[in-house]
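Worksheet: one structure, shown below.
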Amino acid sequence: MMVDLSAIVSAGPYLMQGLWFTLQITLVGVAGGIVFGSLLAVARLSHNRLVAMLATAYVNLMRSIPLILVIFWVFFLVPWAIGWLTRSGRPVAVGASLTIFVTFVLFEAAYYAEIVRAGFRSISPGQYSACDALGLSKFHAYIYILFPQAIRAVLPILLTQTIVLFQDTSLVYVISATDLLGAATKIAQRDGRLVEMYLTVGVIYFLICYAASQLVKQLQRRLAFGVR
Amino acid sequence: MIEIDNISKSYGSFQVLKNCSASIARGEVVVICGPSGSGKSTLIKTVNGLEGIDAGEISVGGFRLAPGVSNVAALRRSVGMVFQSFELFPHLTVLSNVTIAQTKVLKRSKAAAEEKARSLLARVGLSAHIAKHPAQLSGGQQQRVAIARALALDPEVMLFDEPTSALDPEMVNEVLDVMTGLARQGMTMVCVTHEMGFARSVANRVLFMDGGEIVETAEATKFFDDPRTDRAKAFLAKILKH
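Top line first, the protein sequences correspond to chains A and D.
Plus 146 on top of the position in the first sequence (first one is 1) and you've got my numbering.
Plus 554 on top of the position in the second sequence (first one is 1) and you've got my numbering.
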């Protein structure tokens with residue numbers, strides 16, 4: 147069997163569209179995941195037992211089920227849930243993109259929460275006392291003092307998790323979304339070019355992830371020697 | 555200025571503070587000393603609410619602390635604290651360390667906060683280092699920044715929790731000099747310290763603690779020349795032997 151390069155070239159624009167959606171999912175997942183995850187981390191460290199327990203339960207639940215199942219839940223169950231809540235009697239359609247964005251934020255937040263929590267725990271208790279002694283409010287202490295230090299401490303792990311997230315986006319093919327892998331699959335099946343398409347996307351995934359992991363390595367070296 | 559009225563505190567079944575009472579006047583410099591584990595640090599941390607109390611009452615200026623009182627933000631604004639391990643914010647510059655609480659807690663403008671910070675940093679002899687990060691400074695310099703950071707909120711009382719214990723010997727004096735300067739200017743100060751020379755020459759009074767109790771309270775010179783209690787005599791004999 148011969149590899150047909152022209153098939154790859156002609157599929158290029160469609161694959162790039164898919165890649166763009168993959169990157170969008172990644173960006174939304176990272177931004178939303180870190181924001182929601184940080185709130186979960188703060189909640190888990192809260193002295194309010196109920197708040198801490200709810201956050202812990204959420205994180206443990208999300209970390210104990212496969213991502214693919216969460217995608218199905220949000221895709222199939224949320225329309226019914228919205229329909230039921232609004233008493234319209236039937237499911238309300240939710241777009242595939244919105245489903246995917248929501249899913250990734252909900253799911254990845256659990257993982258980011260654990261990473262950020264580790265960052266908070268790496269900060270010496272004296273820093274918390276110093277914030278208290280200066281009269282800083284909890285909100286100000288977290289925003290200006292604790293969160294920046296926590297993120298710095300776990301930045302390499304945070305970025306590694308982001309690379310995993312980038313790869314996990316390929317799972318959206320189960321609801322027929324056109325991400326990079328989805329685009330490749332559609333062309334592969336239409337034109338019978340399975341080898342070309344799956345090789346091409348493999349190379350694209352590899353290049354992006356490898357470059358990102360090298361970046362993490364660089365960063366780790368700079369953080370190790372640089373002034374905090 | 556500070557009234558500590560019969561306070562007690564326990565960690566589980568271990569009682570760290572037993573019915574401690576003390577009264578500190580405005581402008582007074584009081585040193586708390588005693589063997590390690592005697593409750594000195596815990597006592598000083600109850601004054602700004604970093605440690606809660608199980609019984610008794612503390613009043614600082616117009617503010618009141620009692621078991622279960624949790625609204626301590628206003629009190630902390632008027633009480634500055636310096637820690638043994640400095641606890642500067644490592645990700646901020648020296649200047650930002652001194653301005654952050656001014657802008658966030660007192661809502662001062664950035665310009666006013668920086669002006670105040672610059673003058674305080676000049677006062678502790680660190681004008682040349684304002685753009686550096688804490689990790690680039692020596693321990694003595696870091697502790698002086700920490701003092702400037704606490705002074706930036708114009709506190710009425712300064713608490714020092716073993717401010718020189720984490721320092722190399724050659725840096726102890728630069729910090730004590732700053733503290734002596736503060737005392738001369740009339741700041742009300744409570745210091746947990748092992749620096750007996752400082753206690754003798756700068757402090758008005760000494761509180762001697764042992765086993766969670768305030769065993770002896772005396773004028774500084776009197777405490778060192780003629781301690782009344784046996785426990786204070788034994789303590790002084792141990793530390794002043796060399």
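Here a beta-carbon is modelled for each residue, glycine too, at the ideal position from N, C-alpha and C.
Since we're looking at a predicted model, the values are computed, not measured.
Short CB-CB distance (under 7 Å) between residue i and chain D
| i | result |
| --- | --- |
| Ile261 (chain A) | no |
| Leu280 (chain A) | yes |
| Ser275 (chain A) | yes |
| Val373 (chain A) | Bear in mind that a pLDDT of 49 at Val373 (chain A), under 50, signals an unreliable position, so the number given afterwards is only what the model happens to contain. True, the Cβ-Cβ gap to chain D drops below 7 Å. |
| Gly272 (chain A) | yes |
7 Å Cβ cutoff, residue i in contact with chain A
| i | result |
| --- | --- |
| Asn560 (chain D) | no |
| Ser624 (chain D) | no |
| Leu604 (chain D) | yes |
| Ser564 (chain D) | no |
| His645 (chain D) | yes |
| Ala639 (chain D) | Contrary to the premise, residue 639 (chain D) reads as Ser rather than Ala in this sequence. Chain A contact via Cβ: present. |
| Ser650 (chain D) | no |
| Met733 (chain D) | no |
| Arg630 (chain D) | yes |
| Ala685 (chain D) | no |
| Ala655 (chain D) | yes |
| Met743 (chain D) | no |
| Ala620 (chain D) | no |
| Met555 (chain D) | no |
| Ala791 (chain D) | no |
Continuous alpha helix (DSSP H) stretch holding residue i: start and end
| i | result |
| --- | --- |
| Phe250 (chain A) | Ala242 to Ser268 |
| Asp314 (chain A) | Phe293 to Asp314 |
| Tyr565 (chain D) | Looking at the DSSP string, Tyr565 (chain D) is not in any alpha helix (DSSP H); the run it does join, the beta strand (DSSP E), is Ile556 to Tyr565. |
| Val799 (chain D) | Look at the range of chain D in this structure, 555 to 796, and you will see that residue 799 (chain D) is not part of it. |
| Val756 (chain D) | Met750 to Val756 |
Residue i versus residue j: straight-line alpha-carbon distance, rounded
| i | j | result |
| --- | --- | --- |
| Ile561 (chain D) | Ser270 (chain A) | 28 Å |
| Lys658 (chain D) | Leu282 (chain A) | 7 Å |
| Gly179 (chain A) | Leu231 (chain A) | 26 Å |
| Cys277 (chain A) | Val711 (chain D) | 17 Å |
| His748 (chain D) | Ala689 (chain D) | 26 Å |
| Ala177 (chain A) | Ala706 (chain D) | 36 Å |
| Val373 (chain A) | Gly328 (chain A) | The pLDDT assigned to Val373 (chain A) is 49, lower than 50, so where the model puts this residue is not dependable; a value taken from the coordinates is nonetheless given after this. Taking the straight line from one Cα to the other gives about 44 Å. |
| Ala227 (chain A) | Thr647 (chain D) | 51 Å |
| Phe640 (chain D) | Met725 (chain D) | 14 Å |
| Gly616 (chain D) | Ala299 (chain A) | 41 Å |
| Asp722 (chain D) | Gly693 (chain D) | 8 Å |
| Ala667 (chain D) | Leu629 (chain D) | 20 Å |
| Thr172 (chain A) | Ile246 (chain A) | 10 Å |
Proximity of residue i and residue j at Cβ, strictly below 7 Å
| i | j | result |
| --- | --- | --- |
| Asn758 (chain D) | Glu582 (chain D) | yes |
| Ala774 (chain D) | Ala753 (chain D) | yes |
| Met743 (chain D) | Ser592 (chain D) | no |
| Lys594 (chain D) | Gly603 (chain D) | no |
| Thr734 (chain D) | Val756 (chain D) | yes |
| Val810 (chain D) | Ala700 (chain D) | Only positions 555 to 796 of chain D appear in the structure, and residue 810 (chain D) is not among them; the question remains open. |
Terminal residues of the beta strand (DSSP E) in which residue i lies
| i | result |
| --- | --- |
| Val583 (chain D) | Val583 to Cys587 |
| Ser577 (chain D) | Phe568 to Ile578 |
| Val760 (chain D) | Arg759 to Asp764 |
| Arg618 (chain D) | Phe617 to Leu619 |
| Ala689 (chain D) | First-last for Ala689 (chain D): undefined, no H or E at that position. |
| Val197 (chain A) | Taken as a continuous stretch (DSSP letters only), Val197 (chain A) belongs to no beta strand (DSSP E), being part of the alpha helix (DSSP H) at Arg195 to Ser210. |
| Met743 (chain D) | Thr742 to Val746 |
Beta carbon proximity, residue i to chain E, threshold 7 Å
| i | result |
| --- | --- |
| Arg754 (chain D) | Absent here is chain E; the protein component of the structure consists of chains A and D. |
Subject >> the stretch 277 to 302 of chain A: positions lying closer than 8 Å to chain D by Cβ >> reply: Listed by position, the residues of the stretch 277 to 302 of chain A near chain D (Cβ gap below 8 Å) are Asp278, Ala279, Leu280, Gly281, Leu282, Ser283, His286, Tyr290, Ile291, Pro294, Gln295 and Arg298.
**OP:** Using a Cβ-Cβ cut-off of less than 8 Å, list which residues of the stretch 764 to 780 of chain D approach chain A; keep chain order.
**Re:** For the stretch 764 to 780 of chain D, which is checked against every Cβ of chain A, not one residue is closer than 8 Å.
Original post:
According to a CB-to-CB cut-off of less than 9 Å, which residues of the stretch 657 to 681 of chain D neighbour chain A?
Top reply: Under the 9 Å Cβ criterion, the stretch 657 to 681 of chain D contributes Lys658, Val659 and Leu660.
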